[in-house]
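Q: Chains as they are written, first to last, in my numbering: chain A, 1 to 419; chain B, 420 to 838. Every residue, glycine too, gets a C-beta built ideally from N, C-alpha and C. Let me begin by handing over the structure; questions about it come next.
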């Protein structure tokens with residue numbers, strides 16, 4: 001325990017020192033490091049896969065479930081994917097140092113803002129080893145130092161990826177301590193990481209709800225967190241029903257285990273009889289289990305009764321809750337009560353109702369006539385994504401490079417003093 | 420204790436409900452409320468001063484120090500000032516609902532950002548009752564609900580101001596619960612306020628370092644905090660010495676008890692002999708106590724020896740620490756080690772050194788050839804200021820209306836689905 005504390009203090013201290021150098025690194029140097037890491041990952045592919053095989057067989061022996069083993073497993077293709085991801089990050093514009101809104105004030109000074117890195121970013125994640133390369137790349141490009149803590153079951157894979165990251169940093173003349181992958185599997189390391197205020201500026205937990213809740217509860221450092229996505233599609237009585245069916249189908253069934261999938265469908269009373277039977281047939285044909293309120297069940301008999309709990313639930317599975325609502329006000333009220341402020345979409349051709357939904361629904365992404373599945377850093381054009389924030393301060397929604405930065409004020413004077 | 424918990428839960432619940440209505444309130448309605456509050460404050464001036472007199476005499480009887488009694492005391496002029504402050508906030512542009520960066524993506528959807536309120540803002544402050552009106556006005560204009568907890572010594576003054584705020588909200592048809600001033604002086608109320616995650620979105624503590632440290636340590640909600648200002652002026656060897664003396668004088672002596680006053684002066688070795696004797700004469704004439712390192716003391720004999728502690732100290736008083744440094748690198752290193760990331764200024768005519776200082780000094784305001792005293796919401800053109808943030812996420816530096824808002828993503832489609 002004392003050893004872990006000492007180890008983490010050392011990690012934090014060296015990360016803080018490295019963050020100063022990273023903040024000053026120029027674009028070409030950062031891109032060089034990203035490219036060199038990408039090359040190292042490809043060159044070291046065999047060693048990576050061997051390290052990963054050790055993790056996978058230990059995980060199987062330890063009885064890890066199939067889905068987790070699947071997430072843990074690297075293939076030649078996934079190593080290539082990591083490598084390509086880094087080259088893509090190298091292509092993104094460098095935001096650091098950008099000056100905006102520089103204008104003269106009556107006193108004669110010019111005031112503006114300069115985009116700067118946050119400093120040291122702590123990332124805590126679970127079994128997927130590719131997060132190690134992704135997160136390292138995003139932190140590096142945004143001029144931050146990173147402390148990465150992956151799942152204990154991926155320790156050998158993560159250390160092998162770390163070796164490639166360090167080789168790349170070295171080749172570009174950047175400090176290896178700019179990206180540190182925690183080498184101990186002791187859980188106390190997480191406790192240290194999320195409380196080292198003097199060395200860590202922000203924590204990004206990536207993983208299941210329990211991980212994120214635990215980290216948020218104990219952290220003494222700001223957390224950019226993504227709790228869960230109870231996403232809604234509301235089919236308005238003035239919806240184009242073709243669009244409505246296409247969007248409601250896609251939002252639920254295009255992929256089930258993702259946070260931006262629809263979990264509850266809301267339908268305006270006056271169009272429920274027209275839209276629900278046909279739409280629900282699509283769901284049932286795709287083996288989606290339906291749970292509805294009385295009005296919905298009166299229209300679709302293969303629907304079980306939804307409980308109060310269902311409206312709060314993120315299924316991440318082929319299950320859908322369905323509720324018939326009086327209209328827009330009831331839909332907005334339902335989303336405010338049961339939603340998770342992640343992503344909600346209205347289908348309507350009515351301008352005023354579209355505008356009201358956009359303004360009044362307090363979620364990180366609010367949509368009109370589009371599938372909730374678009375809530376994604378790549379679809380939004382951010383070029384990369386470290387996660388989706390359901391917080392209200394700093395960054396909401398998909399978080400790309402900009403979310404790992406901040407802005408400081410700059411003042412350019414020519415000798416002005418305050419009178 | 421149980422009563423306080425229940426009371427605060429009720430406050431939180433009603434604030435959350437009010438925040439939904441405030442988020443939708445249009446600009447004219449919010450400005451109407453601000454104007455009505457301003458009128459009420461002027462009309463109720465006699466009652467306000469009577470309530471304040473009760474607080475002041477109780478505070479005197481309780482042995483409160485003169486400076487605190489001074490901050491607590493309202494006058495006809497300060498009531499007028501509060502009223503005018505609200506009218507100024509009414510004049511500021513309404514940021515809420517503003518849409519930016521709306522552009523088409525290859526999928527055909529349009530993605531942009533809409534500025535939205537944070538929700539419910541908890542503000543904890545000390546003796547100045549005028550914060551009640553200021554904070555209420557800023558939260559109202561930015562579409563937030565506010566829970567205000569002032570110092571117990573100002574309870575009658577704050578309740579009297581709250582009555583005016585409520586009258587104004589009523590007159591504009593907005594819920595009175597949009598601004599609630601805690602009516603109990605029980606300290607447990609603060610503990611509840613900073614942990615009611617479900618009802619409060621952000622906490623802004625305004626007061627001394629001990630208040631802010633206590634709030635930050637115990638809060639379970641994001642805190643926009645301003646710790647302290649150990650601000651530096653660095654006089655470079657290529658400084659225009661007239662500007663250097665004017666700025667260094669102003670940064671220290673224009674006002675002493677403020678966070679953006681200079682606390683440590685750094686001077687490049689090769690100009691120290693030219694600049695320090697004359698500059699220090701100015702300080703000594705103004706009764707500023709000087710504490711320096713050996714090199715500085717060799718040039719100015721009326722300087723005592725600075726200790727390591729001095730470099731870390733925010734004096735908020737006519738005391739100045741002075742250090743002679745080798746040059747720009749040493750100055751930046753000193754600021755990184757001892758500064759508080761508040762405001763730092765370089766005086767130089769050299770372009771490259773100015774650019775390096777701007778980029779490399781990691782403070783919320785970084786200046787070239789200007790007095791640190793300019794770090795202020797009004798001087799920066801924000802129109803108002805709820806505080807100065809020394810945090811790195813969300814908002815750095817002076818925080819105006821924009822700091823009380825966030826941006827959500829909006830997506831405008833015409834039936835698009837994800838493939």
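Residues in the segment 744-764 of chain B with C-beta within 7 Å of chain A's C-beta atoms, listed in sequence order?
A: Flagged, chain order: 755.
Q: Is the shortest distance between the beta-carbon of residue 315 of chain A and the beta-carbons of chain B less than 8 Å?
A: No, residue 315 of chain A lies away from the interface with chain B (no Cβ there is under 8 Å from its Cβ).
Q: Measuring alpha carbon to alpha carbon, tell me which of A:181, A:147, A:180 and A:30 ends up nearest residue 95 of chain A.
A: Nearest of A:181, A:147, A:180 and A:30 to residue 95 of chain A, Cα basis: A:30.
Q: Which runs of the alpha helix (DSSP H) fall wholly inside the segment 135-176 of chain A and span at least 4 residues, in chain order?
A: If we require 4 residues or more, the alpha helix (DSSP H) runs fully inside the segment 135-176 of chain A come out as 155-171.
Q: According to DSSP, what are the bridge partners of residue 410 of chain A?
A: Note: residue 410 of chain A sits in a beta bridge opposite A:112 and B:785.
Q: Report the start-end ranges of each beta strand (DSSP E) in the segment 211-277 of chain A that is 3 residues or longer and not cut off at the edges.
A: Correct list: 231-235 and 262-268.
Q: Could you give the first and the last residue of the continuous alpha helix (DSSP H) run that contains residue 447 of chain B?
A: Residues 446-462.
Q: Let me see if you follow: with CB-CB separation under 8 Å, is residue 567 of chain B close to chain A or not?
A: Chain A contact via Cβ: absent.
Q: Does any CB atom of chain A fall closer than 8 Å to the CB of residue 619 of chain B?
A: Not closer than 8 Å to any Cβ of chain A, the Cβ of residue 619 of chain B fails to qualify, so no.
Q: Roughly how many whole angstroms lie between the Cα atoms of residue 620 of chain B and residue 517 of chain B?
A: So the two alpha carbons sit approximately 21 Å from each other.
Q: Is the segment 755-762 of chain B in contact with the segment 770-790 of chain B, if contact means three or more CB pairs nearer than 8 Å?
A: The segment 755-762 of chain B is in contact with the segment 770-790 of chain B.
Q: Is it a yes or a no for the segment 583-599 of chain B touching the segment 610-620 of chain B, going by three-plus beta-carbon pairs under 8 Å?
A: No: fewer than three Cβ pairs fall under 8 Å.
Q: Report, in whole angstroms, the separation of the C-beta atoms of residue 643 of chain B and residue 810 of chain B, which I expect to be a contact under 8 Å.
A: That belief holds up - the Cβ atoms of residue 643 of chain B and residue 810 of chain B are roughly 6 Å apart, short of 8 Å.
Q: Near residue 87 of chain A, what residues of its chain come up, given a Cβ to Cβ distance below 6 Å and the 5 sequence neighbours on each side ignored?
A: Cβ neighbours of residue 87 of chain A beyond the five flanking positions: 38.
Q: Examine the Cβ distances between the segment 271-289 of chain A and the segment 327-337 of chain A and report whether three or more of them are shorter than 8 Å.
A: Segments in contact, no.
Q: When you compare the CB of residue 484 of chain B with every CB in chain C, is at least one pair closer than 8 Å?
A: Structure shown: chain C not included; protein chains present are A and B.
Q: Which residue or residues does DSSP assign as beta-bridge partners of residue 180 of chain A?
A: Partner(s): A:147.
Q: Can you list the residues of chain A that residue 516 of chain B reaches, using a CB-CB cut of under 8 Å?
A: Going along chain A in sequence order, the residues near residue 516 of chain B (Cβ under 8 Å) are 359.
Q: Interface residues of chain B around residue 369 of chain A at Cβ under 8 Å?
A: Simply 831, 832, 833, 834 and 835.
Q: May I have a chain-ordered list of the beta strand (DSSP E) segments no shorter than 3 residues that lie completely inside the segment 313-389 of chain A?
A: 319-325, 343-347, 365-370 and 387-389, all fully within the segment 313-389 of chain A.
Q: Where does the unbroken beta strand (DSSP E) through residue 711 of chain B begin, and where does it stop?
A: Run containing residue 711 of chain B: 708-711, per the beta strand (DSSP E) assignment.
Q: Taking the C-alpha atoms as reference points, what is the distance between residue 594 of chain B and residue 440 of chain B?
A: Whole-angstrom Cα-Cα distance: 8 Å.
Q: From this set, B:740, B:719, B:722 and B:723, which residue's C-alpha is nearest residue 730 of chain B's C-alpha?
A: Checking every option, the nearest Cα to that of residue 730 of chain B belongs to B:740.
Q: On the DSSP bridge list, what partners appear for residue 416 of chain A?
A: Note: residue 416 of chain A sits in a beta bridge opposite B:789.
Q: What are the boundary residues of the alpha helix (DSSP H) that includes residue 86 of chain A?
A: That run of the alpha helix (DSSP H) goes 76-91.
Q: If I measure Cβ to Cβ from residue 464 of chain B and keep anything under 7 Å in the same chain, skipping five residues before and after, which residues do I get?
A: Excluding residues within five positions, the ones whose Cβ falls inside 7 Å are 495 and 498.
Q: Looking at chain B, is there any beta carbon in it that lies within less than 8 Å of the beta carbon of residue 373 of chain A?
A: For residue 373 of chain A, the answer is yes, since a Cβ of chain B falls inside 8 Å of its Cβ.
Q: Taking 8 Å as the CB-CB cut-off, is residue 277 of chain A touching chain B?
A: False, the Cβ-Cβ gap to chain B never drops below 8 Å.
Q: So the beta strand (DSSP E) residue 127 of chain A belongs to, where does it begin and stop?
A: Element bounds for residue 127 of chain A: n/a, residue is neither H nor E.
Q: Closer than 8 Å by beta-carbon distance: list the chain B residues that pair up with residue 237 of chain A, in chain order.
A: Here the premise fails: no neighbours, minimum Cβ distance about 17 Å.
Q: Could you tell me which residues DSSP pairs with residue 817 of chain B in its beta bridges?
A: In DSSP, residue 817 of chain B forms a bridge with B:807.
Q: Does the segment 630-647 of chain B come close enough to the segment 795-802 of chain B that 3 or more CB-CB pairs lie under 8 Å?
A: The segment 795-802 of chain B vs the segment 630-647 of chain B: no contact.
Q: Just reading off the alpha helix (DSSP H) that residue 823 of chain B is part of, what are its end residues?
A: From DSSP, residue 823 of chain B is part of no alpha helix (DSSP H); its letter is neither H nor E.
Q: Using a cut-off of 7 Å between C-beta atoms, extract the partners of residue 246 of chain A located in chain B.
A: Residues of chain B passing the Cβ test: 834 and 836.
Q: Using alpha carbons as the reference points, say which of A:4, A:411 and A:232 lies closest to residue 190 of chain A.
A: When only C-alpha atoms are compared, the closest one is A:4.
Q: For residue 625 of chain B, report the span of its beta strand (DSSP E) as first-last.
A: Run containing residue 625 of chain B: 621-625, per the beta strand (DSSP E) assignment.
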